[in-house]
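K.L.:
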Amino acid sequence: MKKRGLWWVFGPVLVAFILIGALFLAPFSLNHTTQKNIQDASVSFSKDVVKGQTIKTAAFSDKQMRYVPFFGSSELLRLDTMHPTMLAEKYDRNYRPFLLGQAGTESLTHYLSMQEMQPALHKKQAVFVVSRQWFTKKQSKLAFSEFYSPLQTLNWLKSIQHITPTDRYIAHELLQEARIKNSPFYANLVTKISGNKLLSNHDKKIIALRYHTLLREDQLFSNVTVSNNWNKKVIPAMKHLPEQDDEDSLLHEATRIGKAQTTNNSFGIKNSFYKYRVKNNVKKLANSQKQFDYRQSEEYADFQAVLSEFAKQHTDVLFVIQPVNQKWANYTGLNKEMYYQSVNKVKQQLTSQGFNNIADFSHEGNKKYFMQDTIHMGWNGWVAADRHIKPFLTDGYQPTNYHINDRYLTREWQNLIPTDDNLSEFK
Amino acid sequence: MAVKEEVIDILNTIIGEDISDQMDDDFFESGLLDSMATVELLLDLEGKFDIQAPVSEFDRNEWNTPNKVVNKVESLIG
Amino acid sequence: MLNIQPYADPKYFVILLLALAPLAIGLYFGKRFALYEVIVSLVFIFLMFNGSKYHEGYALVIYMIWQWLLVWAYTLYRKKSNNSWVFYGATFLGALPLVLIKIAPAANWTHVSTLLGFMGISYLTFRSVAMIMETRDGSIKDFDPWLFLRFMLFMPAISSGPIDRYRRFVKDIVTVPTREKYVAMLEKAVWYFFLGFLYKFILAYILGTLLLPHVEHLTLLSASAHHGWSWWLIAVMYVDGLYLFFDFAGYSLFAVATSYVMGIELPMNFNKPFLAKNLKDFWNRWHMSLSFWFRDYIFMRLVFLMMKKKWFKSRVTISNIAYIANMLIMGFWHGLTWYYIAYGLFHGVGLVINDAWLRYKKKHNVPHNKFTEILAIIITFHVVMISFLLFLGFLDKLWFQ
Chain B
237 MKKRGLWWVF GPVLVAFILI GALFLAPFSL NHTTQKNIQD ASVSFSKDVV KGQTIKTAAF
297 SDKQMRYVPF FGSSELLRLD TMHPTMLAEK YDRNYRPFLL GQAGTESLTH YLSMQEMQPA
357 LHKKQAVFVV SRQWFTKKQS KLAFSEFYSP LQTLNWLKSI QHITPTDRYI AHELLQEARI
417 KNSPFYANLV TKISGNKLLS NHDKKIIALR YHTLLREDQL FSNVTVSNNW NKKVIPAMKH
477 LPEQDDEDSL LHEATRIGKA QTTNNSFGIK NSFYKYRVKN NVKKLANSQK QFDYRQSEEY
537 ADFQAVLSEF AKQHTDVLFV IQPVNQKWAN YTGLNKEMYY QSVNKVKQQL TSQGFNNIAD
597 FSHEGNKKYF MQDTIHMGWN GWVAADRHIK PFLTDGYQPT NYHINDRYLT REWQNLIPTD
657 DNLSEFK
Chain C
662 MAVKEEVIDI LNTIIGEDIS DQMDDDFFES GLLDSMATVE LLLDLEGKFD IQAPVSEFDR
722 NEWNTPNKVV NKVESLIG
Chain P
2 MLNIQPYADP KYFVILLLAL APLAIGLYFG KRFALYEVIV SLVFIFLMFN GSKYHEGYAL
62 VIYMIWQWLL VWAYTLYRKK SNNSWVFYGA TFLGALPLVL IKIAPAANWT HVSTLLGFMG
122 ISYLTFRSVA MIMETRDGSI KDFDPWLFLR FMLFMPAISS GPIDRYRRFV KDIVTVPTRE
182 KYVAMLEKAV WYFFLGFLYK FILAYILGTL LLPHVEHLTL LSASAHHGWS WWLIAVMYVD
242 GLYLFFDFAG YSLFAVATSY VMGIELPMNF NKPFLAKNLK DFWNRWHMSL SFWFRDYIFM
302 RLVFLMMKKK WFKSRVTISN IAYIANMLIM GFWHGLTWYY IAYGLFHGVG LVINDAWLRY
362 KKKHNVPHNK FTEILAIIIT FHVVMISFLL FLGFLDKLWF Q
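First to last, the sequence lines map onto chains B, C and P. Each residue of the first sequence is one higher than the last, beginning at 237 in the numbering used here. Each residue of the second sequence is one higher than the last, beginning at 662 in the numbering used here. Each residue of the third sequence is one higher than the last, beginning at 2 in the numbering used here.
Following this line, the structure appears as structure tokens:
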């Protein structure tokens, strides 16, 4: 064999490490995000978009188009004809929704996600769709780890100037999650916050270095996920929408489509959903929701953290409260009283702190073609939502007047079984 | 009969073809000999030459051609 | 407390290679710092078994004392006499902890699992049982307490192999490779490390973390019809089978590369297994250090015994029995669940059929050319993939849970 020296063996490795080091530590940005990238990302629902900072920064600082964050969960995925994205695009309104949510995203995930898009929230507008299904007693935050992003945690840690009760609450929650608990680096930093200790300068330096690396990783890989939703769903839907941006004709068209797509069941559920997700188990599902209870949940406190972030950024937010499919709720035995109590609990939490833009549809789950399936708004539901969304967003930012009450972070509030009396008394 | 011829004889019987013209070919690589045949070979050699060739002494790199087997047997008799 | 699992993340490699650097510099200049090597190895083993895994650490210590005394005692005995039953007894005692650990989950002996179980017990047992067998054969004559420990606890391979052989290992560890040879080993080590990164951190990640949950989910969704049979199951088969290879082959490459840095030529575990032309060829390429262990210490010895005692006339019968016994034992070793045992049986029967075919082919001069070779490779690959689908237990999830 030819005699080879150490340079021959290790030279390439050394060069590789130098190149990688240069790539990650270079002070300039490497990526280029196009309009089309942003447009695709705005309807991609990709986990990487929820988690990634680069694409969101690009979208919310876009000069040509005003992207507004729509926080929510699985309902945002129902990209049908009357979906807010379609309406904004078809009638070329002065905003475009940027959908942040997926099946399984709940308040804590949104709170962390907001940490890396503060400029997009600061004195700007947002829409937040609340689902009752988040507010369960057990099995809360099942999908948290799927959406967890260390970069967001670092953003949050970086932004802490003085430690607020919200910070301590979030720290406490994060320490319950395996992804943080089992990582000595993050566990150590988050434990400090939870113990009301400010981070040292040394901590901040390490965070800055780690932040730089993760951000570069995010920049390099955030464009990897491609989504075809725009071409596959949005563009075809354009053809079905009436030419005039007019509520009556929208409602007419929505009813027509809804009617045509709900023919194989008596619940008003979309045919395809019913066929694949319900039909085989329909007998088993009768009375299956009898025990469901949305009144006591940690989610109320997680939601409070989101509210205080909105207050901190003076974000002008519209909250949309989704109904449940009434026929389906009756069939599965969902307790109506419990349901409305939990809706009142959330509304109390909102209004008592000055969040008064609420589109409450909780009483409209029995309207025809309002729901696309069991728990998600569809055709007529989106038209009704647009009645609130359109004026809210076209009129633009209004100064806010929120007054945060940290008592909503407590166990007492999480576990309060709401009645009319105790809600108004809770201060 | 010389050791060499007897060994070739044994190998021919086990393999089922004449290998006297491929004395330096690796018969594990060519697939002529497998673990099964190896044990037969060891047992036959043991019977014929009264030598001890336990399985753990059987290092494939030292037994992989007819010539090597001959050398091995000669050294074990020696 | 700090607990680091071998080859799990990039940080581990940095720490490992920094710790091994003095050793490598020594080897480059013709010196082997044995004491330093032992200390580094012990520190890394300690870090594997501390923290929440401390009970595994205790189990390892107890286990090592047991094997140490056993092999020592048997070597002393073997110098004086050579009774078969003493040999069988010693082999049994050597395998006993592993046997208990394998029975424990099926028998619900949770205390046995916590008391005796630790990651890597199988691989240590293979090493010590092989030593007992070779001592019986007279191939290993003396017991060196120090070398025994270094062999058994060789750090790069402690948790999952490759399974080395004592005499081969000792040859390496008491000498120093020439500089030319050592540089060549380092060159291979770099190549294996990077190939391992590709396998484990890229390909296995794509297959196991990104694709597998997705296809498994889809298979379970369509499971209600046709008793779980759906086209998605085929996707699970490919994804899971390939994941198994890239994950384990990646790990094995790391272990071999690390041992090369330490100047030890640990045997390779894989040799392009999916290019195997038949099932026998496959087992000469797949998890080689394990299949060769089974070949040398179970299959060949069983054949030897059956032939010597003339239990059966036909050599075909003998080899068929040995194949099935060999693979069944391997199946049982994987664990006492129906799918591991079925996997063992599958390969046992597969080897019997394979042998019959090879005999038929030789007798009838079946045509052999490039095309038939490619066809053979494709067929073998699919037989193996089907067996992996069985092995990975997804069918259990699909049918019985």
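For glycine and all other residues, C-beta sits at the position ideal for the given N, C-alpha and C.
What in chain P is Cβ-close to Glu701 (chain C), meaning under 9 Å?
P.N.:
In chain order: Val304, Met308, Arg316.
K.L.:
For Ser717 (chain C), which residues in chain P fall below 7 Å Cβ to Cβ?
P.N.:
Correct list: Met134, Glu135, Asp138, Ser140.
K.L.:
Does the beta carbon of Val15 (chain P) sit closer than 8 Å to a beta carbon anywhere in chain B?
P.N.:
Output row for Val15 (chain P): interface = no.
K.L.:
Drop a sphere of 10 angstroms on the beta-carbon of Met237 (chain B), count the other beta-carbons inside from all chains shown, and report buried for 16 or more, exposed for fewer.
P.N.:
With a pLDDT of 47 at Met237 (chain B), under the threshold of 50, the modelled position of that residue is not reliable, and the figure given next carries that caveat. By the neighbour-count rule (16 or more Cβ atoms within 10 Å), Met237 (chain B) is not buried but exposed.
K.L.:
Pick from C:Glu690, C:Val716, C:Val730, C:Glu701: whose alpha carbon is nearest that of Asn285 (chain P)?
P.N.:
Comparing Cα-Cα distances from Asn285 (chain P) to each of C:Glu690, C:Val716, C:Val730, C:Glu701, the minimum goes to C:Glu690.
K.L.:
Using a Cβ-Cβ cutoff of 8 Å, what residues of the region 506–522 of chain B are near chain P? List them in chain order.
P.N.:
Listed by position along the chain: Asn516.
K.L.:
Which parts of the region 279–354 of chain B are runs of the beta strand (DSSP E), unbroken and 3 residues or longer, counting only runs that do not cross its ends?
P.N.:
The qualifying runs are 303–307, 332–336.
K.L.:
CA-CA distance, Met574 (chain B) and Ala565 (chain B)?
P.N.:
Near 12 Å, if we compare the C-alpha coordinates of Ala565 (chain B) and Met574 (chain B).
K.L.:
Distance check for Tyr29 (chain P) and Thr179 (chain P), CA to CA, integer angstroms please.
P.N.:
The alpha-carbon atoms of Thr179 (chain P) and Tyr29 (chain P) are separated by roughly 8 Å.
K.L.:
Give the DSSP-derived three-state secondary structure of Met263 (chain P) in the structure shown.
P.N.:
Here Met263 (chain P) sits in coil by DSSP.
K.L.:
Consult DSSP for Ala714 (chain B) and reduce its assignment to one of helix, strand or coil.
P.N.:
For chain B, the structure presents residues 237 to 663; residue 714 (chain B) sits outside this window and is missing.
K.L.:
Excluding the 5 residues preceding and the 5 following Arg79 (chain P) in the sequence, name in chain order all residues of the same chain whose CB lies nearer than 6 Å to its CB.
P.N.:
Within the same chain, Arg79 (chain P) has close Cβ partners Thr136.
K.L.:
Taking Val556 (chain B) as part of the beta strand (DSSP E), name the residues at either end of that continuous run.
P.N.:
Start and end: 552–557.
K.L.:
Any idea which residues DSSP pairs Ala595 (chain B) with across the strands?
P.N.:
Paired residue(s): B:Val556.
K.L.:
Alpha carbon to alpha carbon, what distance is there between Asp248 (chain P) and Lys398 (chain P)?
P.N.:
If I take the Cα positions, the gap works out to 21 Å.
K.L.:
Any C-beta of chain C sitting closer than 8 Å to the C-beta of Ser223 (chain P)?
P.N.:
False, the Cβ-Cβ gap to chain C never drops below 8 Å.
K.L.:
In this structure, does DSSP put Met120 (chain P) in helix, strand or coil?
P.N.:
DSSP places Met120 (chain P) in coil when its eight states are reduced to three.
K.L.:
Residues of chain B with CB closer than 9 Å to the CB of Phe187 (chain P), please, in chain order.
P.N.:
The question names Phe, but residue 187 (chain P) is Leu in the sequence shown. Residues of chain B passing the Cβ test: Leu242, Val245, Phe246.
K.L.:
Going by other Cβ atoms of all chains shown within 10 Å of its Cβ, with 16 needed for buried, is Phe688 (chain C) buried or exposed?
P.N.:
So Phe688 (chain C) ends up on the buried side.
K.L.:
Helix, strand or coil: how does DSSP classify Met684 (chain C) here?
P.N.:
Three-state result, Met684 (chain C): coil.
K.L.:
Spell out whether any CB of chain B is found under 8 Å from the CB atom of Val408 (chain P).
P.N.:
The structure shown does not extend to residue 408 (chain P), since chain P spans only 2 to 402, so no value can be given for it.
K.L.:
State buried or exposed for Asn561 (chain B), treating a residue as buried only when at least 16 other CB atoms are found within 10 Å of its CB.
P.N.:
By the neighbour-count rule (16 or more Cβ atoms within 10 Å), Asn561 (chain B) is buried.
K.L.:
Spell out whether any CB of chain P is found under 8 Å from the CB atom of Val249 (chain B).
P.N.:
By this cut-off, Val249 (chain B) is an interface position.
K.L.:
Could you tell me the distance, in whole angstroms, from the CA atom of Asn616 (chain B) to the CA atom of Phe389 (chain P)?
P.N.:
Their backbone Cα atoms lie some 50 Å apart in a straight line.
K.L.:
Mapping the DSSP letters down to three states, classify Val251 (chain B) as helix, strand or coil.
P.N.:
Correct three-state label for Val251 (chain B): helix.
K.L.:
Give me the Cβ distance between Ser129 (chain P) and Met153 (chain P), rounded to the nearest whole Å; I'm assuming they're in contact under 8 Å.
P.N.:
Confirmed, about 7 Å.
K.L.:
Within the chosen definition, does the region 480–498 of chain B reach the region 598–606 of chain B through at least 3 CB pairs nearer than 8 Å?
P.N.:
Touching, yes, given that three or more Cβ pairs across the two stretches are closer than 8 Å.
K.L.:
Excluding the five sequence neighbours on either side, which residues of its own chain have a C-beta within less than 7 Å of the C-beta of Ile319 (chain P), listed in chain order?
P.N.:
Same-chain partners within the cutoff: Val304, Met307, Met308, Phe313.
K.L.:
Are the region 382–390 of chain B and the region 344–358 of chain B touching by the rule of at least three beta carbon pairs closer than 8 Å?
P.N.:
Flag = yes, the region 382–390 of chain B and the region 344–358 of chain B touch.
K.L.:
Taking C-alpha atoms, which residue in B:His550, B:Ala294, B:Asn273 lies nearest to Asn637 (chain B)?
P.N.:
The shortest C-alpha separation from Asn637 (chain B) is found at B:His550.
K.L.:
I'd like to know whether the C-beta atoms of Ala356 (chain B) and Pro305 (chain B) end up nearer to each other than 8 Å.
P.N.:
Closer than 8 Å, so yes.
K.L.:
Verify the CB distance criterion: does Val44 (chain P) have a CB-CB separation below 8 Å to chain B?
P.N.:
Not an interface residue.
K.L.:
Taking the C-alpha atoms as reference points, what is the distance between Val191 (chain P) and Gly264 (chain P)?
P.N.:
In a straight line, the C-alpha of Val191 (chain P) is about 13 Å away from that of Gly264 (chain P).
K.L.:
Can a CB atom of chain C be found closer than 8 Å to the CB of Asp297 (chain P)?
P.N.:
Asp297 (chain P) counts as touching chain C.
K.L.:
Would DSSP call Met269 (chain P) helix, strand or coil?
P.N.:
In the structure shown, Met269 (chain P) sits in coil (DSSP, three-state: anything other than H, G, I, E or B).
K.L.:
Report yes or no: do the region 193–202 of chain P and the region 238–255 of chain P share at least 3 C-beta pairs separated by less than 8 Å?
P.N.:
Yes: the two stretches touch, three or more of their Cβ pairs being nearer than 8 Å.
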